[in-house]
């Protein structure tokens, strides 16, 4: 039984959370007080009685995890931090100001925020990743709490999470849906029909508990039931009122994302019982430490020069090798592990492999969740289908997440399957992600060396692999630094430079041979590190070859390797400037929608094969030296 | 009651569909015979008795629509076309060959394919768009049939579709899930648990019918029940066997996406009763024509020069005006219509507005479905959240769809809400879409003129709008062609050129004023058409200003406006080549993860405000003319 004293304590804290949400947003002049107020009772009980969290040690392995999926309720989260005694009231009042850690939506600039939220529907799938970490890797009893808004359940990604959480019996995952009925522009789709939410959740295999989200006893009982069950995840569907506690706001439209004016705030605070500054002692986690195996020396796979090996095959081999050496490497795949070759890791280390089925958003979100617990997730699918998770990748960058994404079957060179399976925009998409790394190997040995480096690389690291077999051109002793490149052919007489990566590097080599037979010597650069790109080597080549550059890529003409090379010659930030001969750069890339055909036919039709390269180089050399060629 | 004769006819056709799927893939040497075979009985009954479709007139308004969401079963679809008598057996045998209309996955290169499939989980949400068109716009009784694979139900987008179809009571939408239990790499998540599928579908408000997908009578009854119900959509959950009918394939792993060798094919065909060449008469649709209002003269909104108006506000005004003039314009929004200002259209033309709630994938998919029926869908949300639907945009381009997407709240200039709400990759992402158009207006009058042109523009057209108010700089008489630009400032003495668009154009103007005060005259170009970009005007400016270009954009440094400008100077396809003075191009763009702050603070911190532009121009001019400045 809940005592009157306990009820009073919760109520007082809830009112404080409401008041602080109002105060902070009023000072900021913007923000979401009403969406914070609807969840205040839920959070008061959670913070006081259920959350186990060492604020002095956010990385404590056995900390509960809390994700504010409805990130716009950031004022509530920050008010909770104040109540926990870890930020001052003064800092709380810096909400949304330049330089403040208290951004408009939570980000890991704050040490207690594991992941950025604010793109709705992402908190629960990330919570699945944390749930997997807790149950299967850490094997620690911490719980993962996720507070969702009701509107965000319209996102399919939320149902990917419902599906996967049940499949993996994540009894450590507790979702709380704040059903305040009002979205940004009016009533949500399901309004207060909490039964509809419950039916859906149950059909997906969850325990679903409907409560009055302002009844503190019901909240307490629901949390208690959630942590007691051990065969499925729990969702608490809490009927609430937006702006709860202030008559002029409560359950009224037109108040989404609006701060109160100072006078109205004053009145609201009075109505809520006046300012208070309670600090509560949040429960400490039990001691706990995951048992990881010891790292072993890495034995990368090696391939004989001249052998024909697909880089996706080498990815699979290297990942398995990495798995043997590094116990914190984890792999994910979206039901195509026999195409990406994640399957080898899955067979060798089933306890560190998570099948994500065809749910790319959930896959990337799970990777983000896993890396919160310091695991190194490698997630793979066809490169084309990583576009499905682009918003998750974007947000992962804001989360300062360290994840490794691998896209196979890039470009027209996949052949007969046709354009739906061809990634032609992935380089552009991944380059345009904050602090990302984009790698595109051309052979198996290079792939293995790059996979090794991905493991410890910070940020969003993307590796593009090729479906087709390609010749191994590098010896096993070669090293490939991120940010570097390889000059494959070079002489004092080079008249032009061909820059390729992945599949087109092999076309460049063929073109180089043919040009040589015609008396034209070219430099060939393997730009396997698309981002960061090797500016210095490109500048040197342009200097040495009269500015004649031909870039060739199996990608739409926008934003890919060609764009990376152009950027190397633009004045950007601290990049070294180029003072050589005027650039005569020809970009060979995909211009027209491809269809089906053989890889060779499609490379030719797209004008990115050796024929096209030869022609491009000749047009440059002709242009500069008149009739000499 | 089903007669024996009828059962025999269906069976014979089903066997032919299986045989033809085997034959075509064996000739091609690749493809998906077994995934075709599991659905053959379902499709035989559909084609013979339920589909109403005029193959001579694919645009017949009252045609039923059929979407093969499990696009890898393309051989089955093509076999159906042969059975319908619209492709020859010879063409069927051209499957997956270069130049054939019969690509590895279906695309609208074939006149009876409305939309490309092959990225799983997209057919049903597109079907929702067609269902909306049929029920609410065309108001015609045609049905929309969607055949899904079981694996693809793991995609959240499928549940967005379940949700929206029920919300809009799309009784004209019939989903058929081919539960053949086997995904690409083994058992699917739910296996043959058809009840789990049914429970989920029912919880989302659908009629769900579980059948044996090889029992022709059950199939017939299920289709009959599906077209009879009139208060909800129907899903038929058909338990099937992959490779059905051939003992060496049936329900066996390891056969996904594998063609049979000729000998094995011969044996399989014999087992299926041998080749046959039945042609069936598909039922014609009833006559029907939607009643559209007559177009009216367009009266675009106009704005006074000097007024402060957000371009998102102008989008809302222009869309409403377009709605008044063009009865085929339809609007969609993802629960932020009061931010994007779609709400004005929604209020004026509620019958042509569809609230998509927070489900951006479903929103874009619905737009694709609507344009199949020749409507002109404008779909808007925050630009950042369009990343959620990137795979749908990619596939829409393969569908040759004509859709208009509008992203508001672009860039750091949104201010306090923080990075999760800031689109900083949208220009890169949309530029890297086949045959796309990317527009980025800086003022209200320009926005209105561009919105007008979007309406008739083919392909994927993207408009980026700004949250903040910006001054109206153009008179109402100005015209803005797609592919053009505006030279805002120009003189014979220009020493450099500043290129901006949207919010940064205003910073460029401020910078231009300040530089003028310091005796440096600059050209200023408004590059509102980011793709296609105005190559000629850029070349002219580079010629006139010693190659000194400063490009400034509120976007990550990769793939956006700066990249578009660089591309204008690269040799790409048929672009005119540049022969002017060497380019000294400085790209100003966002380099570091922003936080919260005022728009001015954030523009300044990102080094993309007037201060940064002034400094960049000075560095260029200094570089060229020594101590003159």
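Protein chains in written order, with the UniProt record's numbering: chain A, 1 to 629; chain B, 1 to 629. From the three backbone atoms N, C-alpha and C, an ideal C-beta is built for every residue, glycine too. The structure presented is a predicted model; accordingly, all values stated were derived computationally and were not measured.
Please look up how many angstroms separate the CB atoms of residue i and residue j, rounded, as I've assumed it's under 8 Å.
i: residue 561(B); j: residue 555(B); result: 7 Å
i: residue 327(A); j: residue 272(A); result: 51 Å between Cβ atoms; not a contact.
i: residue 121(A); j: residue 146(A); result: Wrong, their Cβ atoms sit about 11 Å apart, outside the cutoff.
i: residue 477(A); j: residue 310(A); result: With a Cβ gap of about 22 Å, residue 477(A) and residue 310(A) do not count as contacting.
i: residue 229(A); j: residue 171(A); result: 6 Å
i: residue 621(A); j: residue 495(A); result: 5 Å
i: residue 235(A); j: residue 175(A); result: 4 Å
i: residue 339(B); j: residue 408(B); result: 6 Å
i: residue 259(A); j: residue 28(A); result: 6 Å
i: residue 38(B); j: residue 241(B); result: 6 Å
i: residue 307(A); j: residue 428(B); result: Not quite, the Cβ-Cβ distance comes to about 36 Å (not below 8 Å), so this is no contact.
i: residue 613(A); j: residue 511(A); result: 4 Å
If we define contact as Cβ-Cβ less than 7 Å, is residue i a contact residue for chain B?
i: residue 615(A); result: no
i: residue 81(A); result: no
i: residue 199(A); result: yes
i: residue 503(A); result: no
i: residue 98(A); result: yes
i: residue 497(A); result: no
i: residue 422(A); result: no
i: residue 349(A); result: no
i: residue 6(A); result: no
i: residue 546(A); result: no
i: residue 159(A); result: yes
i: residue 93(A); result: no
Any Cβ of chain A within less than 7 Å of the Cβ of residue i?
i: residue 539(B); result: no
i: residue 103(B); result: yes
i: residue 338(B); result: yes
i: residue 191(B); result: no
i: residue 20(B); result: no
i: residue 119(B); result: yes
i: residue 112(B); result: no
i: residue 48(B); result: no
Between which residues of its own chain and residue i is the CB-CB distance below 6 Å, once the five residues before and five after are set aside?
i: residue 36(B); result: 21, 73, 75 and 76
i: residue 298(A); result: 325
i: residue 283(B); result: 52
i: residue 91(B); result: none
i: residue 81(B); result: 87
i: residue 624(B); result: Residue placement at residue 624(B) cannot be trusted, given a pLDDT of 48 that sits under 50; what the coordinates show is reported in the next sentence. Here the set comprises 546.
Given a cut-off of 7 Å, decide if residue j and residue i are closer than it, judged by their beta-carbon atoms.
i: residue 391(A); j: residue 214(A); result: no
i: residue 503(A); j: residue 525(A); result: no
i: residue 184(B); j: residue 406(A); result: no
i: residue 490(B); j: residue 460(B); result: no
i: residue 232(B); j: residue 206(B); result: yes
i: residue 143(B); j: residue 64(B); result: yes
i: residue 140(B); j: residue 288(B); result: yes
i: residue 358(A); j: residue 155(B); result: yes
i: residue 423(B); j: residue 444(B); result: no
i: residue 700(B); j: residue 447(B); result: Summary: the structure shown does not reach residue 700(B), with chain B confined to residues 1 through 629, and so no result is reported for it.
i: residue 128(B); j: residue 161(B); result: yes
In chain C, which residues lie with their C-beta within 7 Å of the C-beta of residue i?
i: residue 291(B); result: Protein chains A and B are contained in the structure displayed, whereas chain C is not.
Return the chain-ordered list of same chain residues with a C-beta closer than 7 Å to the C-beta of residue i, the five sequence neighbours on each side being excluded.
i: residue 54(B); result: 60, 63, 284 and 285
Pick out the complete beta strand (DSSP E) segments inside the segment 297–362 of chain B, 3 residues or longer, and give them in chain order. You should have 308–310, 329–333 and 353–355.
Could you give the uninterrupted runs of the beta strand (DSSP E) lying entirely in the segment 441–503 of chain A, keeping only those of 3 residues or more? Within the segment 441–503 of chain A, the complete beta strand (DSSP E) segments at least 3 residues long are 460–464, 469–471, 486–489 and 496–500, listed from N- to C-terminus.
For the segment 387–448 of chain B, which segments carrying the beta strand (DSSP E) assignment without a break, of at least 3 residues, lie completely within its bounds, in sequence order? Counting whole runs of 3 or more residues, the segment 387–448 of chain B contains the beta strand (DSSP E) stretches 403–408 and 436–439.
At what residue ranges does the segment 190–264 of chain A contain a whole run of the beta strand (DSSP E), taking only runs of 3 or more? Counting only runs of 3 or more residues that sit fully inside the segment 190–264 of chain A, the beta strand (DSSP E) segments are 207–212 and 234–239, in chain order.
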